[in-house]
Amino acid sequence: MALKSSTLKETNKYELEVTVDAETFEKAVQKSYNKNKGQVRLQGFRPGKAPRQMIEKMYGKDVFYPDAIEFCYPDALDAAIKEAGLKVVGVESVEEVSADSNGFEFKAIVIVEPELEIEGYKGLEIKSKGVRVTEKMIGEEIDKIRDRNSRMVTVEDRPAADGDTAVIDFEGFLGEVAFEGGKAENYNLALGSGSFIPGFEEQIVGHNAGEEFTITVKFPEDYQAEELKGQDAQFKIKLHEIKAKELPELDDEFVKDVSDKETVDEYKAEIKETITKRLKEERENDINTQITDKLIELVQGDIPEVMFDNEVNSMVRDFDARLRSQGMEMNMYLGYMGMDIDALKNMYRKDAEKRVKLRLALKKIAKLENIVVTDEDVEAEFARLAETYKVEVDHVKTIVDAEDQRDDIAVQRAMDIVKKEAAVK
Numbered sequence: 001m002a003l004k005s006s007t008l009k010e011t012n013k014y015e016l017e018v019t020v021d022a023e024t025f026e027k028a029v030q031k032s033y034n035k036n037k038g039q040v041r042l043q044g045f046r047p048g049k050a051p052r053q054m055i056e057k058m059y060g061k062d063v064f065y066p067d068a069i070e071f072c073y074p075d076a077l078d079a080a081i082k083e084a085g086l087k088v089v090g091v092e093s094v095e096e097v098s099a100d101s102n103g104f105e106f107k108a109i110v111i112v113e114p115e116l117e118i119e120g121y122k123g124l125e126i127k128s129k130g131v132r133v134t135e136k137m138i139g140e141e142i143d144k145i146r147d148r149n150s151r152m153v154t155v156e157d158r159p160a161a162d163g164d165t166a167v168i169d170f171e172g173f174l175g176e177v178a179f180e181g182g183k184a185e186n187y188n189l190a191l192g193s194g195s196f197i198p199g200f201e202e203q204i205v206g207h208n209a210g211e212e213f214t215i216t217v218k219f220p221e222d223y224q225a226e227e228l229k230g231q232d233a234q235f236k237i238k239l240h241e242i243k244a245k246e247l248p249e250l251d252d253e254f255v256k257d258v259s260d261k262e263t264v265d266e267y268k269a270e271i272k273e274t275i276t277k278r279l280k281e282e283r284e285n286d287i288n289t290q291i292t293d294k295l296i297e298l299v300q301g302d303i304p305e306v307m308f309d310n311e312v313n314s315m316v317r318d319f320d321a322r323l324r325s326q327g328m329e330m331n332m333y334l335g336y337m338g339m340d341i342d343a344l345k346n347m348y349r350k351d352a353e354k355r356v357k358l359r360l361a362l363k364k365i366a367k368l369e370n371i372v373v374t375d376e377d378v379e380a381e382f383a384r385l386a387e388t389y390k391v392e393v394d395h396v397k398t399i400v401d402a403e404d405q406r407d408d409i410a411v412q413r414a415m416d417i418v419k420k421e422a423a424v425k
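Numbers 1 to 425, taken from my numbering, label the letters of the sequence shown in order.
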């Protein structure tokens with residue numbers, strides 16, 4: 001197998017002429033014969049026993065060529081691409097030129113990874129979020145924990161208020177006629193939650209346990225039940241009980257119950273440390289996002305659509321794998337969400353385009369910065385991945401291509417340079 005020629009046809013597209021030698025092609029033809037001989041019927045021979053020469057004499061010398069060509073061309077194309085030194089991201093077409101006992105020849109139009117241009121990637125102006133932790137922030141975080149450890153108590157000395165849970169019976173009427181689905185008993189309604197139609201919860205507020213009363217509401221124009229859209233309705237209410245959330249006191253005993261600390265001051269210090277760590281992570285993520293967006297804006301050049309398609313397909317495969325790990329099939333998920341695979345791909349499209357543009361931008365920066373990734377660097381990264389996932393290094397190498405790993409390292413080092421040179425304010 002050999003590369004006959006490599007010609008740039010248009011931006012990011014090359015035409016490769018590839019030849020397969022007679023010996024390689026003959027082996028493929030024999031393989032094709034072995035695959036197909038069982039389907040050939042020749043008088044005087046049992047199925048699968050007819051000699052190849054007899055079949056070729058009957059049906060033509062090229063009877064086994066189609067499959068033979070299919071057997072040969074993937075390896076031949078891969079070898080030609082490697083010989084041409086191209087970074088191919090897609091194959092647009094493959095066309096047979098000739099095939100005979102001397103071998104076969106074909107042409108392929110391949111799409112290559114573009115080399116984009118980028119300027120101004122050093123000194124990017126980035127606005128950084130603050131990481132100062134205030135007493136209010138600490139108090140709010142502790143209040144959330146107190147809320148998770150709260151209990152509901154019955155209120156008897158006051159009317160219902162926002163934030164309470166009202167235990168009610170209700171029945172809805174249009175005029176004098178009760179409507180379907182408008183009745184419930186001992187329903188726990190969180191007042192102020194907005195879970196009922198506008199005006200309903202507000203009219204429970206101010207009433208005491210044991211009261212029976214009627215409220216009037218208007219159903220929204222876009223309400224799901226056609227017969228209730230825009231209708232004025234009355235609800236007969238019986239308020240059985242008012243329950244309020246009681247938060248535990250913030251004292252040393254509470255701290256001991258919810259943490260390994262002994263005092264409130266120790267607990268507040270721990271909460272402050274936790275919030276600080278979170279804010280720093282948020283700041284780092286925000287800086288990365290800003291840098292990503294700015295690099296995408298700076299990059300210039302034509303990117304083949306197939307690269308976006310490839311990234312979308314990769315994201316879909318990753319999502320499918322996550323679903324399977326949770327015991328769900330893709331078709332089941334799509335049916336549950338009321339969407340098809342094309343809708344899912346469209347959902348990923350924008351992020352896929354950003355990923356492709358960012359990676360190409362960073363690869364260009366790596367080249368401009370003369371970043372060199374050695375074999376030792378690649379081996380060290382394989383070892384790190386093996387340690388992280390608790391598998392053998394050789395297993396990692398069967399999953400991750402060495403050249404892809406080399407690119408990943410170069411891209412990360414390019415990002416490190418951009419971040420180091422950024423003007424963070």
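Glycine is no exception: its CB is placed at the ideal position from the N, C-alpha and C atoms.
Because the structure is a prediction, the values reported are computed rather than measured.
Give the secondary structure of Val255 by DSSP, where H, G and I count as helix, E and B as strand, and everything else as coil.
Indexing the sequence shown from 1 puts residue 255 at position 255. Under the three-state reduction of DSSP, Val255 is assigned to helix.
Counting only the same chain and skipping the five closest in sequence on each side, list residues whose C-beta sits under 7 Å from that of Phe106.
For the purposes of this step, residue 106 is identified with residue 106 of the sequence shown, where counting begins at 1. Taken in chain order, the residues that qualify are Val18, Tyr73, Val94, Glu95, Glu96, Val97.
Any idea what DSSP makes of Thr292, helix, strand or coil?
Within the sequence shown, residue 292 is the residue found at index 292, counting from 1. In the structure shown, Thr292 adopts helical secondary structure according to DSSP, grouped into three states.
Between Met330, Thr289, Ile109, Glu83, which has its C-alpha nearest Thr11's C-alpha?
Translated into the one-based positions of the sequence shown, residue 11 becomes position 11. Of Met330, Thr289, Ile109, Glu83, the residue nearest in Cα terms is Ile109.
Cβ-Cβ separation, Ala190 to Ile242 (assumed contact under 8 Å), whole Å:
For the purposes of this step, residue 242 is taken as residue 242 along the sequence shown, with counting starting at 1. For the purposes of this step, residue 190 is taken as residue 190 along the sequence shown, with counting starting at 1. About 12 Å separates the beta carbons of Ile242 and Ala190, which is beyond the 8 Å limit, so they are not a contact pair.
Spell out the partners DSSP gives Ser314 in its beta bridges.
The residue you call residue 314 lines up with position 314 of the sequence shown. Answer by DSSP bridge pairing: none, since Ser314 is not bridged.
Tell me Asn188's beta-bridge partners as DSSP assigns them.
Within the sequence shown, the letter at position 188 stands for residue 188. DSSP, once it has assigned bridges, lists Val167 as partnering Asn188.
Distance, Arg406 Cα to Ala386 Cα
As a position in the sequence shown, residue 386 is number 386, starting the count at 1. As a position in the sequence shown, residue 406 is number 406, starting the count at 1. When rounded, the distance between both Cα atoms is 16 Å.
To the nearest whole angstrom, what separates the beta carbons of Thr32 and Ala76, a pair I think is in contact under 8 Å?
Mapped onto the sequence shown, residue 32 falls at position 32. Mapped onto the sequence shown, residue 76 falls at position 76. Correcting the residue identity first, residue 32 is Ser in this sequence and not Thr. At roughly 15 Å, the Cβ-Cβ gap does not stay under 8 Å, so Ser32 and Ala76 are not in contact.
Have a look at the DSSP bridge pairing and note the partners of Asp21.
Taking the first residue of the sequence shown as 1, we reach residue 21 at position 21. Paired residue(s): Gly103.
Can the beta-carbon of Lys280 be found closer than 7 Å to that of Glu270?
Your numbering for residue 280 matches position 280 in the sequence shown. Your numbering for residue 270 matches position 270 in the sequence shown. In this structure, Lys280 lies away from Glu270, with their beta-carbon atoms at least 7 Å apart.
Buried or exposed for Gly120, going by 16 or more other Cβ atoms inside 10 Å?
Along the sequence shown, read from residue 1 onward, the residue named residue 120 stands at position 120. Classification for Gly120: exposed.
Cβ-based neighbour list, Tyr149, same chain, cut-off 7 Å, excluding 5 preceding and 5 following
Translated into positions along the sequence shown, residue 149 becomes position 149. The question names Tyr, yet the displayed sequence has Asn at residue 149. So the qualifying residues of the chain are Pro248, Val258.
Name the one or two DSSP bridge partners that Ile237 has.
Working through the sequence shown from its first residue, we reach residue 237 at position 237. Phe170, Phe213.
What residue from Asp401, Gln39, Glu369 has the CA that sits closest to Glu379's CA?
For the purposes of this step, residue 379 is identified with residue 379 of the sequence shown, where counting begins at 1. Among Asp401, Gln39, Glu369, the Cα nearest to that of Glu379 belongs to Asp401.
Nearest CA to the CA of Lys218: which residue from Lys27, Asp309, Glu201, Gly206?
In the sequence shown, the residue the question calls residue 218 occupies position 218. Looking at the Cα atoms, Glu201 is the closest of the given residues.
Nearest CA to the CA of Arg132: which residue from Tyr267, Ala84, Arg283?
The count along the sequence shown starts at 1 and reaches residue 132 at position 132. Comparing Cα-Cα distances from Arg132 to each of Tyr267, Ala84, Arg283, the minimum goes to Arg283.
Counted within 10 angstroms of its Cβ, other Cβ atoms place Glu311 as buried (16 or more) or exposed
Position 311 of the sequence shown, counted from the start, is the residue given in the question as residue 311. Looking at its Cβ environment, which holds 16 or more other Cβ atoms inside 10 Å, Glu311 is buried.
Cα-Cα separation, Met152 to Asp164:
Position 152 of the sequence shown, counting from 1, holds the residue named residue 152. Position 164 of the sequence shown, counting from 1, holds the residue named residue 164. Straight through space, the alpha carbons of Asp164 and Met152 are spaced by roughly 9 Å.
For the candidate residues Leu8, Glu23, Ser314, Lys9, whose alpha-carbon lies nearest to that of Ala2?
Locating residue 2 in the sequence shown gives position 2, counting from the first residue. Measuring C-alpha to C-alpha distances from Ala2 to each of Leu8, Glu23, Ser314, Lys9 identifies Glu23 as the nearest.
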